[in-house]
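Novice: Counted from 1, the sequence shown has number 34 at position 35 by numbering that gives the first Met the number 0; the numbering is strictly sequential.
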Amino acid sequence: MKYQSFTGFPPSTAMKRRVVKHITDELINSRLDSLEDYEIIELLLNLASHNRDHNKLAKQCIRQFGSLREFIEATPEDLQQAGITPLGVLCIRLIYEIPVRVLKQRILDKPVYQSAEAIYEYLCYSMRGLKNEVLKVIYLNSRNHIIESSDLFEGTLNNIVVSPRKIIESAISRRAVSMIFAHNHPSGDPTPSKSDKRLTRDLVFIGSATQIRVLDHIIIGDNCYFSFASEKLIEKYEDSFLNLRMKAVD
């Protein structure tokens with residue numbers, strides 16, 4: 000179906016509502032993949048507000064933000080500065096939030112080995128567009144079921160100040176027996192830095208000492224990720240901790 004823009008229709012609210020209903024009825028049962036990005040934005044803004052022409056604004060948003068994804072992931076402040084109404088901003092935030100919650104619900108209360116791919120999908124979607132680094136913790140119970148996920152720390156563009164004590168306290172309060180850590184790289188490159196490796200090693204050491212195992216630390220980039228477990232680094236750090244304990248006993 001060819002999308003019919005609202006541009007050029009009479010400005011009266013009643014007429015605009017009839018046009019919106021007509022186009023909505025046609026789109027409900029049509030494929031949407033033929034729509035241009037700016038047409039999706041225009042349709043969204045018109046559904047949020049019937050009393051203005053959003054065609055030019057939609058095209059302006061694509062030029063300003065660069066893509067539909069960047070538009071959806073923009074901050075409320077940036078959206079309002081671009082000319083989006085408060086109701087339009089709310090609609091955009093809901094569009095971003097709904098998939099995050101759906102993906103999160105897919106992984107809760109399931110064995111981690113049954114939801115590994117869903118975990119990566121949830122983390123990649125919910126963390127890839129963040130402007131600052133955020134450390135997320137996923138807590139698991141004795142059956143390896145996911146109890147909860149929580150954002151514990153947020154840092155500047157290049158670093159996060161992490162409190163190991165707070166992490167352990169948060170795990171104990173949830174009666175978790177293991178954890179999965181994840182944080183994002185706003186640069187889009189998930190390659191771990193030296194500080195990322197030190198942090199992961201320290202978390203594995205602390206977890207081993209308190210019998211709360213670290214299953215993985217995942218770094219989220221732009222549509223890609225790095226897994227310490229997949230690269231056998233979690234296993235390496237666990238072996239290092241055991242060697243240190245054995246030396247201490249000797």
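Heads up, the beta-carbon is just placed ideally off N, CA and C, and yes, glycines get one too.
My output table needs one value for N143: the three-state DSSP class, helix, strand or coil.
Specialist: In the sequence shown, residue 143 corresponds to position 144, counting from 1. N143: coil per DSSP, three-state reduction.
Novice: Are there three or more Cβ pairs, one per stretch, closer than 8 Å when the segment 200-219 is compared with the segment 93-105?
Specialist: At 8 Å Cβ cutoff, the stretches do not touch.
Novice: Give the straight-line distance between the Cα atoms of S194 and D215, rounded to the nearest whole angstrom.
Specialist: In the sequence shown, the residue the question calls residue 194 occupies position 195. In the sequence shown, the residue the question calls residue 215 occupies position 216. Between S194 and D215, the C-alpha separation is close to 16 Å.
Novice: Helix, strand or coil for D215? Go by DSSP, reduced to three states.
Specialist: What you label residue 215 is simply residue 216 of the sequence shown in a count that begins at 1. Note: D215 maps to strand in three-state DSSP.
Novice: In whole angstroms, what separates the C-alpha of A170 from that of M178?
Specialist: Translated into the one-based positions of the sequence shown, residue 170 becomes position 171. Translated into the one-based positions of the sequence shown, residue 178 becomes position 179. Going by the C-alpha atoms only, they are around 8 Å apart.
Novice: From which residue to which residue does the beta strand (DSSP E) around A228 run?
Specialist: Against the sequence shown, residue 228 aligns to sequence position 229. Where A228 is concerned, there is no enclosing beta strand (DSSP E), given that its DSSP letter is neither H nor E.
Novice: For P189, which residues of its own chain have a beta-carbon under 7 Å away from its beta-carbon, when the five flanking residues on both sides are left out?
Specialist: In the sequence shown, counting from the first residue as 1, residue 189 sits at position 190. Correct list, in chain order: I218, I219, G220, C223, Y224, F225.
Novice: Distance, Cα to Cα, S148 vs D32?
Specialist: Indexing the sequence shown from 1 puts residue 148 at position 149. Indexing the sequence shown from 1 puts residue 32 at position 33. Their backbone Cα atoms lie some 33 Å apart in a straight line.
Novice: Using the Cα positions of R51 and Q63, report the straight-line distance between them to the nearest angstrom.
Specialist: On the sequence shown, residue 51 is found 52 positions in, with the first residue counted as 1. On the sequence shown, residue 63 is found 64 positions in, with the first residue counted as 1. For R51 and Q63, the distance between alpha carbons rounds to 20 Å.
Novice: For I91, report the span of its alpha helix (DSSP H) as first-last.
Specialist: Against the sequence shown, residue 91 aligns to sequence position 92. Where I91 is concerned, the enclosing alpha helix (DSSP H) stretches over 85-106.
Novice: By the DSSP assignment, the beta strand (DSSP E) with A181 in it spans what residues?
Specialist: Against the sequence shown, residue 181 aligns to sequence position 182. Run containing A181: 177-183, per the beta strand (DSSP E) assignment.
Novice: My output table needs one value for K165: the three-state DSSP class, helix, strand or coil.
Specialist: Indexing the sequence shown from 1 puts residue 165 at position 166. Three-state DSSP puts K165 in a helix.
Novice: Going by DSSP, what residue range makes up the alpha helix (DSSP H) through G206?
Specialist: Within the sequence shown, the letter at position 207 stands for residue 206. Unbroken alpha helix (DSSP H) run through G206: 193-208.
Novice: Give the straight-line distance between the Cα atoms of R174 and N140, rounded to the nearest whole angstrom.
Specialist: Taking the first residue of the sequence shown as 1, we reach residue 174 at position 175. Taking the first residue of the sequence shown as 1, we reach residue 140 at position 141. So the alpha carbons of these two residues sit roughly 7 Å apart.
Novice: What is the residue span of the alpha helix (DSSP H) that P75 lies within?
Specialist: Here residue 75 is taken as the residue at index 76 of the sequence shown, counted from 1. 75-80 is the extent of the alpha helix (DSSP H) around P75.
Novice: So I167 packs on T209, CB below 8 Å; how close in whole Å?
Specialist: Walking along the sequence shown from the start, residue 167 turns up at place 168. Walking along the sequence shown from the start, residue 209 turns up at place 210. The Cβ separation is near 6 Å, so the contact holds.
Novice: If you measure between the beta carbons of I118 and P163, is that distance less than 8 Å?
Specialist: Residue mapping note: residue 118 aligns to position 119 of the sequence shown, counting from 1. Residue mapping note: residue 163 aligns to position 164 of the sequence shown, counting from 1. In this structure, P163 does not lie closer than 8 Å to I118 by Cβ.
Novice: Can you tell me which of the three DSSP states K246 falls into?
Specialist: Taking the sequence shown and counting its residues from 1, one reaches residue 246 at position 247. Three-state result, K246: helix.
Novice: Could you give the DSSP three-state label for L34: helix, strand or coil?
Specialist: Against the sequence shown, residue 34 aligns to sequence position 35. DSSP places L34 in coil when its eight states are reduced to three.
Novice: Measuring straight from C-alpha to C-alpha, what distance separates K58 and Y37?
Specialist: Taking the first residue of the sequence shown as 1, we reach residue 58 at position 59. Taking the first residue of the sequence shown as 1, we reach residue 37 at position 38. Rounded to whole angstroms, K58 to Y37 spans 5 Å at the Cα level.
Novice: Does DSSP put K58 in a helix, in a strand, or in coil?
Specialist: Here residue 58 is taken as the residue at index 59 of the sequence shown, counted from 1. K58 falls in the helix class under three-state DSSP.
Novice: Check whether the Cβ atoms of L134 and L151 lie closer than 8 Å to each other.
Specialist: Translated into the one-based positions of the sequence shown, residue 134 becomes position 135. Translated into the one-based positions of the sequence shown, residue 151 becomes position 152. Yes, the Cβ-Cβ distance between L134 and L151 is below 8 Å.
Novice: Roughly how many whole angstroms lie between the Cα atoms of N242 and N131?
Specialist: Numbered from 1 along the sequence shown, position 243 holds the residue referred to as residue 242. Numbered from 1 along the sequence shown, position 132 holds the residue referred to as residue 131. Computed Cα separation, rounded: 36 Å.
Novice: Excluding the 5 residues preceding and the 5 following K103 in the sequence, name in chain order all residues of the same chain whose CB lies nearer than 8 Å to its CB.
Specialist: Start at 1 with the first residue of the sequence shown, and residue 103 comes out as number 104. Y121, S125, S148.
Novice: What do you reckon, are the CB atoms on I40 and F70 nearer than 8 Å?
Specialist: Taking the sequence shown and counting its residues from 1, one reaches residue 40 at position 41. Taking the sequence shown and counting its residues from 1, one reaches residue 70 at position 71. Yes. Within cutoff.
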